[in-house]
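The structure under discussion appears below in the form of structure tokens.
Residue numbers (our numbering), protein chains in the order written: chain A, 9 to 121; chain S, 20 to 134.
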């Protein structure tokens, strides 16, 4: 079946450090891939997405590249800020599957000043 | 632009009491609608989705039900809450289309504590 696996957290970084949160997926065909962010006490916000192989999604300094050969969609940011502290969810959606999302378990990021 | 609202934002309910969470979407027609639940310290689980008025699909057997009385309204209900129903409930919407990439957009969420 389809699934998403994220690196376990929490990830603790100092401000301006480089961030990588690993995400790998299992799916048949060509899913769309997403990163969502959940700030404390809030709902989920779409951070970025990629709909086909080799696409790069980017937003707010975050990037992720759809790698079909490694079935990965790792999230990266060159210089994190305290305000980036949140839970990050990797997810996939299969075309023709009513847009239902399959989520990873989430990775908590803590950025210290 | 499209917006999604759900309410109430927070509620504390006794075991055995009923539940009604409401969600509305504005700025789009015939959206797909979803209810997800996020239990404490865990990921998100899809509970229900709907592709049209009166059309509800359940993903997991449980104590909850969903209804879609209008195109842009989605309601999550329970007749008798259990302690295990506690969690963060998220309503979401999407539209089908070649450019949407099946992107799903979430509401602000509702915190339910069953005591």
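Just so you know, even glycine gets a beta-carbon here, dropped at the ideal spot from N, CA and C. Please read all numbers here as calculations on a predicted model, not as lab measurements.
Would you kindly work out how many angstroms separate the C-alpha atoms of residue i and residue j, rounded to a whole number?
{"i": "residue 112 of chain A", "j": "residue 33 of chain S", "result": "31 Å"}
{"i": "residue 105 of chain S", "j": "residue 131 of chain S", "result": "5 Å"}
{"i": "residue 96 of chain A", "j": "residue 70 of chain S", "result": "27 Å"}
{"i": "residue 27 of chain S", "j": "residue 93 of chain S", "result": "13 Å"}
{"i": "residue 80 of chain S", "j": "residue 23 of chain S", "result": "26 Å"}
{"i": "residue 88 of chain A", "j": "residue 22 of chain A", "result": "8 Å"}
{"i": "residue 25 of chain S", "j": "residue 107 of chain S", "result": "12 Å"}
{"i": "residue 113 of chain S", "j": "residue 109 of chain A", "result": "11 Å"}
{"i": "residue 111 of chain S", "j": "residue 57 of chain S", "result": "13 Å"}
{"i": "residue 78 of chain S", "j": "residue 84 of chain S", "result": "11 Å"}
{"i": "residue 83 of chain A", "j": "residue 67 of chain A", "result": "11 Å"}
{"i": "residue 79 of chain A", "j": "residue 11 of chain A", "result": "11 Å"}
{"i": "residue 71 of chain A", "j": "residue 114 of chain A", "result": "17 Å"}
{"i": "residue 129 of chain S", "j": "residue 55 of chain S", "result": "11 Å"}
{"i": "residue 82 of chain S", "j": "residue 36 of chain S", "result": "12 Å"}
Taking all protein chains shown into account, decide if residue i is buried (16 or more other Cβ within 10 angstroms of its Cβ) or exposed.
{"i": "residue 98 of chain S", "result": "exposed"}
{"i": "residue 59 of chain A", "result": "buried"}
{"i": "residue 99 of chain A", "result": "buried"}
{"i": "residue 62 of chain A", "result": "exposed"}
{"i": "residue 85 of chain A", "result": "buried"}
{"i": "residue 89 of chain S", "result": "exposed"}
{"i": "residue 90 of chain A", "result": "exposed"}
{"i": "residue 59 of chain S", "result": "exposed"}
{"i": "residue 51 of chain S", "result": "buried"}
Which whole-angstrom value describes the C-beta separation of residue i and residue j, a residue pair presumed to lie in contact below a C-beta threshold of 8 Å?
{"i": "residue 44 of chain S", "j": "residue 91 of chain S", "result": "4 Å"}
{"i": "residue 133 of chain S", "j": "residue 101 of chain S", "result": "7 Å"}
{"i": "residue 46 of chain S", "j": "residue 21 of chain S", "result": "4 Å"}
{"i": "residue 101 of chain A", "j": "residue 117 of chain A", "result": "Not confirmed; about 23 Å, so no contact."}
{"i": "residue 53 of chain S", "j": "residue 65 of chain S", "result": "6 Å"}
Can you check whether the C-beta of residue i is within less than 7 Å of a C-beta belonging to chain B?
{"i": "residue 127 of chain S", "result": "The displayed structure is made up of protein chains A and S, and chain B is not among them."}
Within 8 Å of chain S by C-beta, residues of the stretch 41-56 of chain A in sequence order: Residues passing the 8 Å Cβ filter: 42, 44, 50, 51, 52, 53 and 54.
Within 8 Å of chain S by C-beta, residues of the stretch 59-84 of chain A in sequence order: With the criterion set as a beta carbon lying under 8 Å from some beta carbon of chain S, the members of the stretch 59-84 of chain A are 59, in sequence order.
Under 8 Å (Cβ pairs) to chain S, residues found in the stretch 23-40 of chain A: Across the stretch 23-40 of chain A, CB contacts with chain S closer than 8 Å involve 40, in sequence order along the chain.
Unbroken stretches of the beta strand (DSSP E), 3 residues or longer, contained in the stretch 19-71 of chain A: DSSP runs (the beta strand (DSSP E)) wholly in the stretch 19-71 of chain A: 19-22, 27-29, 31-34, 40-46, 52-58 and 64-67.
Whole runs of the beta strand (DSSP E) within the stretch 51-129 of chain S, excluding any shorter than 3 residues: Qualifying beta strand (DSSP E) stretches, in chain order: 51-57, 63-71, 74-77, 84-89, 92-97 and 106-113.
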